[in-house]
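S.K.: Once you've had a glance at the structure underneath, I'll fire off some questions.
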Amino acid sequence: MSDNKQILILPGDGIGPEVVPAAVALMHAAALLEDIRIDTVEGLVGGIAIDQTGSPLPAETLAAAKAADAVLLGAVGGTKWEDRPMNARPEKGLLGLRSGLELFANLRPALLFGPLAKASSLKSELVADLDILIVRELTGGIYFGEPRGVEIRDNERVGFNTYIYSEHEIERIARVAFELAQKRSGQLCSVDKANVLEVTQLWRDVVNETAVDYPDVELRHMYVDNAAMQLVRAPKQFDVVVTGNMFGDILSDVAAMLTGSLGMLPSASLAASGKGLYEPVHGSAPDIAGQDKANPLATILSVAMMFRYSLNMPLAADRIEAAVNTVLAAGIRTADIMPQDRAGQTLVGTIEMGERVLACLKQAAGESR
Ligand code: NAD
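This is how it looks when you write it as structure tokens:
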């Protein structure tokens, strides 16, 4: 054994505590195949943290997150806490983790496993084996710019926000995207609205200046309105896409939906140190919580991202993704990814889906020895 890794596990609320155990089992199994032991600590965040400590992000949780190599989170929120004031809701725990860990880069892959191509709203041939990575700036731009507010001017209400980026914020997210492009196909598309917004003209200039350090990456620029069109017209033209906070929020949801189901979508949020918060894109799904119906694959695929981006263990990531693909190719489906024509498919619950992926991972590793 060598080099133990420390991971903080935050199951959270709703289906979080159902989908996280399957992902944790995969994490230990994939690490052991490389003789790495993972030490896990479990913590509280979200509604369960409010119930047990009064705070959606207890100080011990933030301290444990800072001490860990990475954090795996299930989901937060639920109807029980919806009447609380905005700054005391479960979601505040997640926002507190993002700012406390300085997670400025949000990675949202839109990966469509071949066996699920029919689940997309687009024609199968347009999306089969789609593999886009959207890199969204997460801590700046119009969502955080000051001044902001609603006030009375000339006897009417006026609302305003500030779209602001400084050079260093653009450069650091651009570098994350260029480095990811280097590890993938060497293509990067930067999305802006440089024809209208000065702040995104600066975005384009700084991305161009940064490109000089990455001569092996082919960079192109696209206006955001065109990017939205192209994503649904011919999505496979994209590999890595980098953009600001607001455009990234919208485009990553568009790209994600090309893949068919919320239950399949992982995400990562990274700090400059490489530390990351890994979580499924979906929420706590109170409508199916406690019924063994939730799809654990988004959380399992989030663990694959953790291996790739925070733990520098790409083989473990590849093995988990391959095991997921094998299970899907065998027609194993949770309810959310079950096609209307069920022929040849087997419906399973959360626990069995996790067990099947784990079995495939172990079997494939055994065969390759
Ligand atoms: P949701 O993502 O929880 O659910 C939307 C729909 O997708 C539901 O019908 C749900 O059953 C289904 N779904 C979601 N994940 C699934 C999975 N893994 N397998 C199968 N089906 C799945 O979104 P919502 O209903 O808008 O929000 C519910 C709660 O979650 C709210 O309190 C919201 O604030 C919170 N939320 C949390 C996060 C997060 O923790 N990152 C993200 C979004 C929403």
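Residues 485 to 853 in the numbering used here are what the sequence shown spells out, letter by letter. The beta carbon of each residue, even a glycine, is placed where N, CA and C say it ideally should be.
Since I believe GLU518 is in contact with ALA756 (beta carbons under 8 Å), could you give me their beta-carbon distance rounded to a whole number of angstroms?
M.R.: Reading the sequence shown from its first residue, position 272 is the one you call residue 756. Reading the sequence shown from its first residue, position 34 is the one you call residue 518. Actually they are not in contact, since the Cβ atoms of ALA756 and GLU518 sit about 26 Å apart, beyond 8 Å.
S.K.: Answer yes if the segment 572-585 comes into contact with the segment 729-748, meaning at least three C-beta pairs across the two stretches below 8 Å, and no otherwise.
M.R.: The segment 729-748 vs the segment 572-585: no contact.
S.K.: Report the partner residues of MET706 according to the DSSP bridge assignment.
M.R.: The sequence position of residue 706 within the sequence shown is 222, counting from 1. Paired residue(s): VAL675.
S.K.: Would you list the residues sitting across from ARG620 in a DSSP beta bridge?
M.R.: In the sequence shown, the residue the question calls residue 620 occupies position 136. DSSP, once it has assigned bridges, lists ASN590 and THR727 as partnering ARG620.
S.K.: Only counting the same chain, and skipping five residues up and downstream in sequence, which positions put a Cβ closer than 6 Å to that of LEU494?
M.R.: The sequence position of residue 494 within the sequence shown is 10, counting from 1. These residues qualify, in order along the chain: GLY527, VAL529 and LEU557.
S.K.: In the DSSP assignment, find the beta strand (DSSP E) that holds ASP523 and state where it starts and stops.
M.R.: Here residue 523 refers to the residue found at position 39 when the sequence shown is read from its first residue. Taken as a continuous stretch (DSSP letters only), the beta strand (DSSP E) holding ASP523 covers 520-526.
S.K.: Any idea what DSSP makes of GLN847, helix, strand or coil?
M.R.: Here residue 847 refers to the residue found at position 363 of the sequence shown. Reduced to three states, the DSSP call for GLN847 is helix.
S.K.: At what residue ranges does the segment 713-796 contain a whole run of the alpha helix (DSSP H), taking only runs of 4 or more?
M.R.: Within the segment 713-796, the complete alpha helix (DSSP H) runs of at least 4 residues are 729-741 and 781-793.
S.K.: Return the Cβ separation of PHE662 and THR623 in integer angstroms, given the expectation that the two are a contact with Cβ distance under 8 Å.
M.R.: Residue numbering aside, residue 662 sits at position 178 when the sequence shown is read from its first letter. Residue numbering aside, residue 623 sits at position 139 when the sequence shown is read from its first letter. No, PHE662 and THR623 are not in contact; Cβ-Cβ is about 19 Å, not under 8 Å.
S.K.: Sorry if obvious, but does the Cβ on VAL811 come closer than 7 Å to a heavy atom of the ligand NAD?
M.R.: Residue 811 sits at position 327 when you count from the first residue of the sequence shown. Checking the Cβ of VAL811 against the ligand NAD gives no.
S.K.: Is PHE662 helix, strand or coil by DSSP?
M.R.: Translated into the one-based positions of the sequence shown, residue 662 becomes position 178. Helix at PHE662.
S.K.: Check whether the segment 836-845 touches the segment 809-823, counting contact only when three or more Cβ pairs, one atom from each stretch, lie closer than 8 Å.
M.R.: The segment 836-845, when compared against the segment 809-823, does touch it at the 8 Å Cβ threshold.
S.K.: Hey, quick one: how far does the beta strand (DSSP E) through VAL634 stretch, first residue to last?
M.R.: The residue labelled residue 634 in the question sits at position 150 within the sequence shown. Per DSSP, VAL634 belongs to the beta strand (DSSP E) from 633-637.
S.K.: How long is the line joining the alpha carbons of MET822 and GLU655, rounded to whole angstroms?
M.R.: In the sequence shown, the residue the question calls residue 822 occupies position 338. In the sequence shown, the residue the question calls residue 655 occupies position 171. Those two C-alpha atoms are separated by around 42 Å.
S.K.: Of the choices GLU653, ASP700 and VAL680, whose alpha-carbon is the least far from that of SER669?
M.R.: Position 185 of the sequence shown, counted from the first residue, corresponds to residue 669. The candidate whose alpha carbon is nearest that of SER669 is ASP700.
S.K.: What separation, rounded to the nearest whole angstrom, lies between the Cα atoms of PRO505 and GLU640?
M.R.: Counting from one through the sequence shown, the residue named residue 505 turns up at place 21. Counting from one through the sequence shown, the residue named residue 640 turns up at place 156. Going from the Cα of PRO505 to the Cα of GLU640 covers about 53 Å.
S.K.: When you measure from the CB of SER768 to every non-hydrogen atom of the ligand NAD, does any distance come out below 7 Å?
M.R.: Indexing the sequence shown from 1 puts residue 768 at position 284. Checking the Cβ of SER768 against the ligand NAD gives yes.
S.K.: Cβ atoms of VAL560 and GLY496: under 8 Å apart, would you say?
M.R.: The count along the sequence shown starts at 1 and reaches residue 496 at position 12. The count along the sequence shown starts at 1 and reaches residue 560 at position 76. Result yes, Cβ atoms of GLY496 and VAL560 sit closer than 8 Å.
S.K.: According to DSSP, which residues form a beta bridge with ASP615?
M.R.: Along the sequence shown, one-based indexing puts residue 615 at 131. DSSP output for ASP615 lists LEU595 as bridge partner(s).
S.K.: Would you kindly work out how many angstroms separate the C-alpha atoms of ALA501 and LEU516, rounded to a whole number?
M.R.: In the sequence shown, residue 501 corresponds to position 17, counting from 1. In the sequence shown, residue 516 corresponds to position 32, counting from 1. The residue you asked about is not Ala; residue 501 is Pro in the sequence shown. Taking the straight line from one Cα to the other gives about 23 Å.
S.K.: Could you tell me how far apart the beta carbons of LEU541 and ALA548 are, in whole angstroms, since I believe they sit closer than 8 Å?
M.R.: For the purposes of this step, residue 541 is taken as residue 57 along the sequence shown, with counting starting at 1. For the purposes of this step, residue 548 is taken as residue 64 along the sequence shown, with counting starting at 1. Not quite, the Cβ-Cβ distance comes to about 11 Å (not below 8 Å), so this is no contact.
S.K.: Below 8 Å between beta carbons: does that hold for SER604 and LEU596?
M.R.: One-based indexing of the sequence shown puts residue 604 at position 120. One-based indexing of the sequence shown puts residue 596 at position 112. In this structure, LEU596 lies closer than 8 Å to SER604 by Cβ.
S.K.: Report the three-state DSSP secondary structure of GLN490 (helix, strand or coil).
M.R.: Taking the first residue of the sequence shown as 1, we reach residue 490 at position 6. GLN490 falls in the strand class under three-state DSSP.
S.K.: Is the segment 793-809 touching the segment 566-573, taking contact as three or more C-beta pairs under 8 Å?
M.R.: At 8 Å Cβ cutoff, the stretches do not touch.
S.K.: Is the distance from the Cβ of LEU606 to the Cβ of LEU742 below 8 Å?
M.R.: Here residue 606 refers to the residue found at position 122 of the sequence shown. Here residue 742 refers to the residue found at position 258 of the sequence shown. Taking 8 Å as the Cβ cut-off, LEU606 and LEU742 qualify as a contacting pair.
S.K.: Can you give me the Cβ contacts of ILE626 inside the same chain, cut-off strictly under 6 Å, excluding the 5 residues immediately before and after it?
M.R.: Position 142 of the sequence shown, counted from the first residue, corresponds to residue 626. So the qualifying residues of the chain are ASN645, TYR647 and MET730.
S.K.: Using only the alpha-carbon positions, how far apart do GLU682 and HIS652 sit?
M.R.: Your numbering for residue 682 matches position 198 in the sequence shown. Your numbering for residue 652 matches position 168 in the sequence shown. Spanning the two alpha carbons is a distance of roughly 16 Å.
S.K.: Of the residues ASP820, GLN829, ALA752 and ALA712, which one's Cα is nearest the Cα of PRO593?
M.R.: As a first step, residue 593 must be located in the sequence shown, where it is residue number 109. The shortest C-alpha separation from PRO593 is found at ALA752.
S.K.: Would DSSP call ILE499 helix, strand or coil?
M.R.: Indexing the sequence shown from 1 puts residue 499 at position 15. The answer is coil: DSSP assigns ILE499 none of H, G, I, E or B.
S.K.: For the structure I just gave you, are there three or more beta carbon pairs, one from the segment 609-617 and one from the segment 713-727, closer than 8 Å?
M.R.: Segments in contact, yes.
S.K.: If the criterion is Cβ atoms closer than 8 Å, does the pair ALA612 and ALA601 meet it?
M.R.: In the sequence shown, residue 612 corresponds to position 128, counting from 1. In the sequence shown, residue 601 corresponds to position 117, counting from 1. In contact: ALA612 and ALA601 (Cβ atoms closer than 8 Å).
S.K.: Pick helix, strand or coil for THR818, following the three-state DSSP scheme.
M.R.: Working through the sequence shown from its first residue, we reach residue 818 at position 334. Three-state result, THR818: coil.
S.K.: So, at 8 Å on beta carbons, what are the nonlocal neighbours of ASP553 in its own chain, with the 5 sequence-adjacent residues on each side left out?
M.R.: By one-based count along the sequence shown, residue 553 stands at place 69. So the list reads LYS489, GLN490, ILE491, LYS759, SER794 and LEU795, once near-sequence residues are dropped.
S.K.: If we count the other Cβ atoms within 10 Å of its Cβ and call it buried at 16 or more, is GLN847 buried or exposed?
M.R.: Residue mapping note: residue 847 aligns to position 363 of the sequence shown, counting from 1. Exposed, because fewer than 16 other Cβ atoms sit within 10 Å of the Cβ of GLN847.
S.K.: Using alpha carbons as the reference points, say which of PRO599, MET511, VAL708 and ALA665 lies closest to GLY828.
M.R.: Here residue 828 refers to the residue found at position 344 of the sequence shown. Here the closest residue by C-alpha is PRO599.
S.K.: When you compare only the Cα positions, how much space is there between THR545 and ARG826?
M.R.: As a first step, residue 545 must be located in the sequence shown, where it is residue number 61. As a first step, residue 826 must be located in the sequence shown, where it is residue number 342. In a straight line, the C-alpha of THR545 is about 43 Å away from that of ARG826.
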